[in-house]
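K.L.:
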Amino acid sequence: MKTTIAPELMALLKDLNVAKFPHLHGSAQDHLLGVYEILANWGNTEEVCRGGLFHNIYGTEVFKPQAVSLTQRQAIAQVIGARAEELAFLFCVTRRVGFFDDHVDPQRATLWDEVHKCKIVVDAATIAVLMEIEIANGIEQFSPDLQLAAADARQLLLMSEWMCKQSAGRVSAAAHEDLSAVIDYMRGALAA
């Protein structure tokens, strides 16, 4: 189902010039729009979808281009909303594998901020939403046409299985089902 994105969000993407950054299957803008659509189709709130729409604008541990400086966080929040900006910020500056870790106190989970070299404490609801965005991020990039070496494909499968196990009961049923379907596809492809 094709979703409609608010004009002010599309204008911000244009202002940030994210279409100029190459991404796995096109531009960063293509990817961001795809993540938004996946999150919307899974029934997420608009603030979560907006967080996903802007999940890499400050650069991430993997996607290095910065569409905007962290010094502009307040200006971004004025357009996309404070919670959506917080989600985008956390996604950009922290180690994403930490979303799926077993946290000693799930209500006060600790993430490592790679940019500022410090710990950030977040609640369980934030961790669950960050997991959901990361799953959408991965699914949007997955393609049966990916030409991965067998060892890389096995590693991707193991990571996906771990993410699926760790996120069970914490993300939407739709996110879990879609991730499980990708895992089943990868298992079949590796067995062939």
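Heads up, the final residue of the sequence shown is numbered 222 in this note's numbering, and it's a clean run with no missing numbers. We treat Cβ as the ideally placed atom computed from N, Cα and C, and that holds for glycine.
Out of 103, 144, 43 and 104, which one is the CA nearest neighbour of residue 92?
P.N.:
Checking every option, the nearest Cα to that of residue 92 belongs to 144.
K.L.:
Would you list, in sequence order, the uninterrupted alpha helix (DSSP H) runs of no fewer than 4 residues that lie entirely inside the segment 83-161?
P.N.:
Counting whole runs of 4 or more residues, the segment 83-161 contains the alpha helix (DSSP H) stretches 103-110 and 112-123.
K.L.:
In chain order, what residues of the same chain have a beta carbon less than 7 Å from the beta carbon of residue 70, not counting five sequence neighbours either side?
P.N.:
Excluding positions up to five away in sequence, the list reads 33 and 79.
K.L.:
Let's test the definition: count the other Cβ atoms within 10 Å of the Cβ of residue 83 and tell me whether it reaches 16, buried, or not, exposed.
P.N.:
Residue 83 comes out buried.
K.L.:
For the putative contact between residue 170 and residue 68, defined by C-beta atoms under 8 Å, what is the C-beta separation to the nearest angstrom?
P.N.:
With 8 Å as the limit, residue 170 and residue 68 qualify as a contact, their Cβ atoms being about 6 Å apart.
K.L.:
When the distance is taken between beta carbons, is residue 129 closer than 8 Å to residue 88?
P.N.:
For residue 88 and residue 129, no; Cβs fall outside 8 Å.
K.L.:
Tell me which residue opens and which closes the alpha helix (DSSP H) that residue 41 is part of.
P.N.:
Unbroken alpha helix (DSSP H) run through residue 41: 37-46.
K.L.:
Please report how far the alpha carbon of residue 72 lies from the alpha carbon of residue 111, in whole angstroms.
P.N.:
Between residue 72 and residue 111, the C-alpha separation is close to 20 Å.
K.L.:
What residue from 183, 141 and 201 has the CA that sits closest to residue 131's CA?
P.N.:
Looking at the Cα atoms, 141 is the closest of the given residues.
K.L.:
Mind checking whether residue 114 and residue 81 have CB atoms under 8 Å apart?
P.N.:
A contact, by the Cβ cut-off of 8 Å.
K.L.:
Quick check on this structure: which residue in 189, 64 and 58 has the alpha carbon closest to the alpha carbon of residue 127?
P.N.:
Nearest C-alpha to residue 127: 189.
K.L.:
Please classify residue 199: does DSSP put it in a helix, a strand, or coil?
P.N.:
Note: residue 199 maps to coil in three-state DSSP.
K.L.:
When the distance is taken between beta carbons, is residue 213 closer than 8 Å to residue 191?
P.N.:
Against a cut-off of 8 Å, the Cβ pair of residue 213 and residue 191 comes out as a contact.
K.L.:
Does residue 56 come out as helix, strand or coil in the three-state DSSP assignment?
P.N.:
Correct three-state label for residue 56: strand.
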